[in-house]
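Engineer: First the structure, which I've put down as structure tokens, then a few questions once you've had a look.
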Amino acid sequence: MMWKRWRRDGGAILSGLFLLLLVLASVGNTFWNDGDVSQTVLLKGEDGTILAPPFPPSKEFLLGTDEKGYDLLGRAIEGAKWSIGITVLIAFLRTFFAFWIGMVMTYVPRWLYAKLEALFDSFSILPLTMVAFVILESVLLISSGTTPVPFYKRAGFEVLILVILVLPPLSFYMAKETKRIKEREFMDAARVLGGSERHQIWRHIIPHLLPVSGVVFIQQFVQTLIIFLHLGVLGLFFGGTMVFMGPNGPEIESISQEWSGLIGANFRYIVSHPWIPLVPIGFYTATIIAAQTLLKRIEGKTGTRSPL
Amino acid sequence: MVKHLSSKLFNLLLSLFGIILLGSIPALFDKMNLSFSGYIRSIKGVILVLVGLKPAVYGGMAGLEKPIFPQVFVHMGESGLILFLSLLAALAVALFIVFVYFLLPGWSRKGIAFGLRVLDGIPDILFMIGTQLLVIYVFKETGLNVANVATVQGERAVLLPVVSLAIPTMLMFLKLLILRFGQEIEKDYVVLARAKGVSPPAILNHHVLRNVVVSTVYYIRHHLWFILSNLYLVEVLFNVPGISWFIKDYPTTEVFTVALLLIYVPLYLSFHLFEWAVPGEWRHGG
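If you read the sequences in order, they're chains A and B. Mind the numbering: the first sequence is residues 40 to 347 in the working numbering, read in order. Mind the numbering: the second sequence is residues 10 to 295 in the working numbering, read in order.
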């Protein structure tokens, strides 16, 4: 009995624990360690030679160090709260707005609905990474020559774009789900018994829509992680700082140790010191797998299948 | 029929307008400030270009502009080639694996399903980097250049971009095919065929495959944005002179919008042709 349950839920429990520990360790590092990451500038080898960073993964540095000698495990943990936090925020905003827009859409007359669907059709086909990259890049390129815009503004802008670009297809999905609930028999019963529109929404539609939203939320979480990963590889830090990678290009460090910035700043080492970019990519991978395991479990419990 | 067609046409025009609105968004934010006049100016410019009243040019410096039009098709062809080849390869490999999967005994299926779940969590970017690193590693160890890692002056890299785009696409197809095959072999006609003594490979090949494959191909519509995102990354990572290259080097809203339109319109047309030519029962897998 116990074993069976563990087999069913074990993966989900482990995944949840992993995400929780990662965020807690990250927050803890800021509180008790001032957000410091240990740095090793020089290392004495066994035969007395002096070694310079980057050091490959070893017993001393579990995941190796970057070219400045910062411990990569430390950097990745320090960055976890930013990467996961901002992703949670984006996924939440997407789900929240899609939820209400989708609800409103079910009251839109059918001809208008069809036209709106046509107008936003391209949003569900065009490559999101490319569109997001061009929009973010071109906007931030303009400001790069002048005094830099404050960080919170750039970050807010990126969040806004990443939310808006996904809203149309997601809202249509939520509208479809809402419509499906409205067509159920108990909704007829509620109408016949004289339930007002407000009563129908709060007592019947929303309770049935919440599990769907939960699934959508985790899915958007995974999707946002993937987009950040893509943007990081393309050299776009969170907050929108552009980096031109090249031997003589300017070097910009990721201020918040945030993962996509770690990838963007170090991607040029992929061939010479592959572990440097692979550590943040690995953390993305682990987070994605954990979230997907959770998603599978929730889907199994609520019986909803994921969209898209 | 005429009414149906004209409504389709109107919808297409609406979609194109949606893309123009999307493509001009970079002009909406001028130094992080909202600039509606810039946005409208950009939209006007794009429309003028599309109608043919304004020459469609790219290239930053004044006087050195080159016309967009014949040139962009070369880049488009390159992107299209990689997309098409990898979709084809992905579908072929996925079909092969799904056949093997359903002919294997139950216990080994569980193992494969587990492996698939793990592979599914791996971001596609790792496959792209992985293939690159693998080829470099093989070259370092053996001196054998298996494939070009990137396109450099005349030396085209086709194999690696196709392979690294095909792997995640193949996984997607495979996941879907296993689900659909699983549903299909529960159906009565399969039970009947089995009772009559038709061999399992023949059932899969003659009945299940034909009922499932069209709807699977049609289903990629929902994943296209993701496949195309991967295509964009593949083009950047392998330095493929595809449509991404064009956008990357000449980032005006006009070039961006034209590129978006050129990605969207062929896909739109092929999907609608598909819908028109293929009966609904096939598309939705009856």
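Ideal placement from N, C-alpha and C gives every residue a C-beta, glycine not left out. Nothing here was measured: the structure is a model prediction, and the numbers come from that model.
Suppose contacts are defined by Cβ-Cβ distances below 8 angstroms. Is A:Arg114 in contact with A:Val76 by that definition?
Structural biologist: Here residue 114 of chain A corresponds to residue number 75 of the first sequence, with the count starting at 1. Here residue 76 of chain A corresponds to residue number 37 of the first sequence, with the count starting at 1. Closer than 8 angstroms, so yes.
Engineer: Against chain B, which members of the segment 92 to 119 of chain A pass a CB distance test of less than 7 angstroms?
Structural biologist: Cβ contacts with chain B: none found.
Engineer: For a cutoff of 8 angstroms on Cβ pairs, would you count B:Leu14 as touching chain A?
Structural biologist: Within the second sequence, residue 14 of chain B is the residue found at index 5, counting from 1. Not closer than 8 angstroms to any Cβ of chain A, the Cβ of B:Leu14 fails to qualify, so no.
Engineer: Just the Cα atoms here: how many angstroms apart are B:Val172 and A:Trp241?
Structural biologist: Within the second sequence, residue 172 of chain B is the residue found at index 163, counting from 1. Within the first sequence, residue 241 of chain A is the residue found at index 202, counting from 1. If I take the Cα positions, the gap works out to 50 angstroms.
Engineer: Just confirm the distance between the C-beta atoms of B:Met179 and B:Val102, as a whole number of angstroms; I'd bet it's less than 8 angstroms.
Structural biologist: Along the second sequence, read from residue 1 onward, the residue named residue 179 of chain B stands at position 170. Along the second sequence, read from residue 1 onward, the residue named residue 102 of chain B stands at position 93. With a Cβ gap of about 5 angstroms, B:Met179 and B:Val102 count as contacting.
Engineer: Using the C-alpha atoms, what's the distance from A:Ala325 back to B:Gly120?
Structural biologist: Here residue 120 of chain B refers to the residue found at position 111 of the second sequence. Here residue 325 of chain A refers to the residue found at position 286 of the first sequence. Computed Cα separation, rounded: 21 angstroms.
Engineer: Run down chain A in chain order and give the residues with a C-beta less than 7 angstroms from the C-beta of B:Ile34.
Structural biologist: In the second sequence, the residue the question calls residue 34 of chain B occupies position 25. Per Cβ cutoff of 7 angstroms: Ile174.
Engineer: Can you tell me whether B:Trp116 is buried or exposed? The criterion is at least 16 other CB atoms within 10 Å of its CB, across all chains shown.
Structural biologist: The count along the second sequence starts at 1 and reaches residue 116 of chain B at position 107. With fewer than 16 other Cβ atoms within 10 Å, it is exposed.
Engineer: B:Pro76 by DSSP, collapsed to three states: which one?
Structural biologist: Numbered from its first residue, the second sequence carries residue 76 of chain B at position 67. Of the three classes helix, strand and coil, the one that applies to B:Pro76 here is strand, per DSSP.
Engineer: Taking a Cβ distance cut-off of 9 angstroms, strictly less, list which residues of the segment 222 to 242 of chain B are near chain A, in chain order.
Structural biologist: Per Cβ criterion, the list reads Arg230, His231, His232, Leu233, Trp234, Phe235, Ile236, Leu237, Ser238, Asn239, Leu240, Tyr241 and Leu242.
Engineer: Identify the contact partners of A:Phe322 in chain B, using a Cβ-Cβ distance below 8 angstroms as the criterion.
Structural biologist: As a first step, residue 322 of chain A must be located in the first sequence, where it is residue number 283. Near A:Phe322 there are no residues of chain B at all, since even the closest Cβ is about 11 angstroms away, more than 8 angstroms.
Engineer: Any idea if B:Tyr241 is buried or exposed, counting beta-carbon neighbours within 10 angstroms, 16 or more meaning buried?
Structural biologist: Within the second sequence, numbered from 1, the residue matching residue 241 of chain B stands at position 232. By the neighbour-count rule (16 or more Cβ atoms within 10 Å), B:Tyr241 is buried.
Engineer: If you run the structure through DSSP and keep just helix, strand and coil, what is A:Asn68?
Structural biologist: Taking the first sequence and counting its residues from 1, one reaches residue 68 of chain A at position 29. Three-state DSSP puts A:Asn68 in a helix.
Engineer: Please indicate yes or no: does the CB of A:Leu151 lie closer than 7 angstroms to some heavy atom of the ligand HEM?
Structural biologist: Summarising the ligand content, the structure contains no ligands, and the ligand HEM is consequently not present.
Engineer: If contact is defined by three or more beta carbon pairs under 8 angstroms, each pair taking one atom from either stretch, is the segment 50 to 60 of chain B in contact with the segment 22 to 39 of chain B?
Structural biologist: Cβ pair count under 8 angstroms is three or more, so yes.
Engineer: Count the other C-beta atoms from every protein chain shown that fall within 10 angstroms of the C-beta of B:Val109, then say buried if there are 16 or more, exposed otherwise.
Structural biologist: For the purposes of this step, residue 109 of chain B is taken as the residue at position 100 of the second sequence. So B:Val109 counts as exposed.
Engineer: Per DSSP, A:Asp110 forms a beta bridge with which residues?
Structural biologist: As a position in the first sequence, residue 110 of chain A is number 71, starting the count at 1. Beta-bridge pairing links A:Asp110 to A:Thr104.
Engineer: Scan the segment 186 to 254 of chain B and note each continuous alpha helix (DSSP H) run of 4 residues or more that stays entirely inside, going in chain order.
Structural biologist: Within the segment 186 to 254 of chain B, the complete alpha helix (DSSP H) runs of at least 4 residues are 197 to 204, 209 to 212, 218 to 228 and 233 to 246.
Engineer: Should A:Val251 be flagged as near chain B, meaning a C-beta pair shorter than 8 angstroms?
Structural biologist: Position 212 of the first sequence, counted from the first residue, corresponds to residue 251 of chain A. Closer than 8 angstroms: no.
Engineer: According to a CB-to-CB cut-off of less than 7 angstroms, which residues of the segment 132 to 144 of chain B neighbour chain A?
Structural biologist: Here the close residues are Pro132, Ile134, Leu135, Ile138 and Leu142.
Engineer: With C-beta atoms as the reference, is A:Val202 less than 8 angstroms away from A:Leu132?
Structural biologist: Sequence index remark: in the first sequence, residue 202 of chain A carries index 163 (1-based). Sequence index remark: in the first sequence, residue 132 of chain A carries index 93 (1-based). Going by C-beta atoms, A:Val202 is nearer than 8 angstroms to A:Leu132.
Engineer: According to DSSP, is B:Asn42 part of a helix, a strand, or is it coil?
Structural biologist: Working through the second sequence from its first residue, we reach residue 42 of chain B at position 33. Strand at B:Asn42.
Engineer: Closest to B:Ala159 by C-alpha separation, out of B:Leu174, B:Phe255, B:Pro170 and B:Thr151, would be which residue?
Structural biologist: Start at 1 with the first residue of the second sequence, and residue 159 of chain B comes out as number 150. Looking at the Cα atoms, B:Pro170 is the closest of the given residues.
Engineer: For B:Ala166 versus B:Asn157, is the C-beta distance shorter than 8 angstroms?
Structural biologist: Counting from one through the second sequence, the residue named residue 166 of chain B turns up at place 157. Counting from one through the second sequence, the residue named residue 157 of chain B turns up at place 148. Cβ atoms of B:Ala166 and B:Asn157: closer than 8 angstroms.
Engineer: Any chance you could list the alpha helix (DSSP H) runs of at least 4 consecutive residues sitting entirely within the segment 183 to 255 of chain A, in chain order?
Structural biologist: Taking only runs of at least 4 residues, the alpha helix (DSSP H) segments lying wholly in the segment 183 to 255 of chain A are 190 to 203, 206 to 221 and 224 to 231.
Engineer: How many angstroms separate the CA atom of A:Gly271 from the CA atom of A:Ser54?
Structural biologist: Taking the first sequence and counting its residues from 1, the one referred to as residue 271 of chain A is at position 232. Taking the first sequence and counting its residues from 1, the one referred to as residue 54 of chain A is at position 15. Taking the straight line from one Cα to the other gives about 24 angstroms.
Engineer: With 8 angstroms set as the bound, which would you pick, yes or no: does the beta-carbon of B:Val167 sit closer than that to a beta-carbon of chain A?
Structural biologist: The residue you call residue 167 of chain B lines up with position 158 of the second sequence. Judged by the 8 angstroms Cβ criterion, B:Val167 is not in contact with chain A.
Engineer: Taking the straight line between their C-alpha atoms, what separation do you get for A:Phe57 and B:Pro177?
Structural biologist: Indexing the first sequence from 1 puts residue 57 of chain A at position 18. Indexing the second sequence from 1 puts residue 177 of chain B at position 168. About 25 angstroms.
Engineer: On the three-state DSSP scale, how would you describe A:Gln296?
Structural biologist: Stepping through the first sequence from its first residue, residue 296 of chain A is reached at position 257. Three-state DSSP puts A:Gln296 in coil, outside helix and strand.
Engineer: Entirely within the segment 94 to 133 of chain B and at least 4 residues each: give me those alpha helix (DSSP H) ranges in chain order.
Structural biologist: The segment 94 to 133 of chain B contains these whole alpha helix (DSSP H) runs: 115 to 130.
Engineer: Measure from the alpha carbon of A:Ile244 to the alpha carbon of each residue in A:Val255, A:Arg219, A:Ile266 and A:Val198, then state which is nearest.
Structural biologist: One-based indexing of the first sequence puts residue 244 of chain A at position 205. The option with the nearest alpha carbon to A:Ile244 is A:Arg219.
Engineer: Quick one: is B:Ile256 near chain A, going by C-beta distance under 8 angstroms?
Structural biologist: The residue labelled residue 256 of chain B in the question sits at position 247 within the second sequence. Closer than 8 angstroms to some Cβ of chain A, the Cβ of B:Ile256 qualifies, so yes.
Engineer: Could you check where the alpha helix (DSSP H) with A:Val147 kicks off and where it finishes?
Structural biologist: Locating residue 147 of chain A in the first sequence gives position 108, counting from the first residue. Note, A:Val147: premise wrong, no alpha helix (DSSP H); not H, not E.
Engineer: Anything in chain B within Cβ reach of A:Thr168, meaning under 7 angstroms, just list it in chain order.
Structural biologist: Indexing the first sequence from 1 puts residue 168 of chain A at position 129. Neighbours of A:Thr168 on chain B, chain order: Ser238, Tyr241 and Leu242.
Engineer: Should A:Gly49 be labelled buried (16 or more other beta-carbon atoms within 10 Å of its own) or exposed?
Structural biologist: Numbered from its first residue, the first sequence carries residue 49 of chain A at position 10. Exposed, because fewer than 16 other Cβ atoms sit within 10 Å of the Cβ of A:Gly49.
Engineer: For A:His312, which of B:Tyr146, B:Ala202 and B:Thr261 has the nearest alpha-carbon?
Structural biologist: Mapped onto the first sequence, residue 312 of chain A falls at position 273. Here the closest residue by C-alpha is B:Tyr146.
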